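Asks: Please find one structure pasted underneath; my questions will follow.
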Amino acid sequence: MALTSGSGSFPAFPGPLVARVWSKRDAEREARMAGVHSHDEGQLCGAIDGLLTVRTGATLWAVPAVHAIWIPPRCEHGIDPHGRFDGWALLMREDLCAGLPEEPCTVRVSGLLMEAVKRAASWDQESWERRRDPLAAVIAAEIRELPEAPLGLPMPTDPRLLKVARALLDEPADRRDQSEWARWAGLSARTLSRRFPQETGLSFQRWRQRARLLRALERLANDTPVTTVALELGYDNVSAFIAAFRDRFGVTPGKWRG
């Protein structure tokens with residue numbers, strides 16, 4: 001079968017690819033039942049409305065509407081839907097994944113890819129068996145060409161740094177400065193300052209800003225007012241939050257939410 005709406009799990013894998021529609025209930029069921037898991041196939045998970053957060057290895061990803069995340073074969077991952085989530089998920093046989101990214105990445109979904117997913121959704125079993133090979137090739141080629149969207153938050157692996165990172169994700173409004181966080185985690189401020197970019201590619205302050213904005217996406221997806229989001233995330237005022245959000249995502253929080 002092709003795309004199955006409300007099925008709660010993938011049907012038996014019939015060939016090159018299989019896909020299904022995800023409601024928020026389906027995604028929550030997947031998160032609850034599967035936890036952190038992997039597939040022998042490559043997986044593409046897309047959002048039509050709301051937000052999906054995905055954990056892969058040492059990175060936390062945000063997948064907003066009109067975006068998707070590519071998860072290579074056998075890559076462990078876990079998912080969490082937010083807000084009025086509607087989306088879709090696609091599994092691709094491993095041989096079709098040749099030439100596709102070997103690491104997880106987020107992409108902006110093109111019109112062609114979305115139409116291919118919709119076409120698959122309309123097919124019955126007979127149509128799917130007859131047409132799946134050409135469609136699989138189109139989808140693989142389109143994924144290969146899509147530009148990446150930088151929506152990942154790399155997590156440190158050093159247990160002391162990871163302790164700080166998790167605390168900041170849990171309480172993004174915490175106003176402790178870098179020296180105070182270092183002392184809390186049992187390391188020097190110099191070590192924290194040096195190791196954070198080594199492990200994440202971001203300075204501590206830039207990582208903290210990205211963590212706040214990832215949490216902002218989750219709250220906005222749940223229809224939290226922009227002013228409330230700004231205060232909950234520890235910004236001094238809503239203007240500072242809007243400026244940071246626009247600098248990162250190219251639009252204001254209000255326009256992002258639509």
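Using the UniProt record's numbering, the first residue of the sequence shown is number 1, and each one after it goes up by one.
Every residue gets a Cβ at the ideal spot worked out from N, C-alpha and C, and that includes glycine.
Since the model is a prediction, treat every value here as computed from it, not as a measurement.
1. According to DSSP, simplified to helix, strand and coil, what is R195?
2. Candidates L168, V164, A173: which alpha carbon is nearest L187's?
3. How far does the beta strand (DSSP E) with A68 in it reach, from first residue to last?
4. For W61, write down the residues that DSSP places opposite it in a beta bridge.
5. Count the C-beta pairs between the stretch 69–78 and the stretch 203–218 that are closer than 8 Å, then say yes if the count reaches three, no if not.
6. Just to confirm before moving on: does the CB-CB distance between A65 and D40 stay below 9 Å?
7. With distances taken Cα to Cα, identify the nearest neighbour of V138 among L233, L96, G201.
8. Report, in whole angstroms, the separation of the C-beta atoms of G83 and L51, which I expect to be a contact under 8 Å.
9. If I'm right that L100 touches R144 with Cβ under 8 Å, what's the distance once you round it to whole angstroms?
10. Please go through the same chain and pick out, in chain order, the residues whose beta-carbon is closer than 8 Å to the beta-carbon of P72, but skip the five residues on each side of it.
11. State the Cα-Cα distance for the pair V117 and N237, rounded to the nearest angstrom.
12. What residue range is occupied by the uninterrupted alpha helix (DSSP H) comprising V107?
Replies: Reading it off the structure:
1. In the sequence shown, the residue the question calls residue 195 occupies position 195. Helix, per DSSP.
2. Taking the first residue of the sequence shown as position 1, residue 187 is located at position 187. Out of L168, V164, A173, V164 has the C-alpha closest to the C-alpha of L187.
3. Position 68 of the sequence shown holds residue 68. Counting along the chain, the beta strand (DSSP E) containing A68 begins and ends at 67–71.
4. Numbered from its first residue, the sequence shown carries residue 61 at position 61. Residue pairing of W61 in beta bridges, as defined by DSSP: V54, G152.
5. no
6. Counting from 1 along the sequence shown, the entry for residue 65 is found at position 65. Counting from 1 along the sequence shown, the entry for residue 40 is found at position 40. Pairing A65 with D40 gives a Cβ-Cβ distance that is not under 9 Å.
7. Within the sequence shown, the letter at position 138 stands for residue 138. Cα-wise, what sits closest to V138 is L96.
8. Translated into positions along the sequence shown, residue 83 becomes position 83. Translated into positions along the sequence shown, residue 51 becomes position 51. Cβ-Cβ separation between G83 and L51: approximately 6 Å, consistent with a contact (criterion under 8 Å).
9. Numbered from 1 along the sequence shown, position 100 holds the residue referred to as residue 100. Numbered from 1 along the sequence shown, position 144 holds the residue referred to as residue 144. That belief holds up - the Cβ atoms of L100 and R144 are roughly 6 Å apart, short of 8 Å.
10. On the sequence shown, residue 72 is found 72 positions in, with the first residue counted as 1. For P72, same chain residues with a beta-carbon under 8 Å away, outside a window of 5 residues either side, are G42, C97, L100, P101, E102, E103, P104 in chain order.
11. As a working mapping, residue 117 is identified with position 117 in the sequence shown. As a working mapping, residue 237 is identified with position 237 in the sequence shown. Approximately 42 Å, taken between the alpha carbons.
12. Stepping through the sequence shown from its first residue, residue 107 is reached at position 107. Looking at the DSSP string, V107 is not in any alpha helix (DSSP H); the run it does join, the beta strand (DSSP E), is 105–108.
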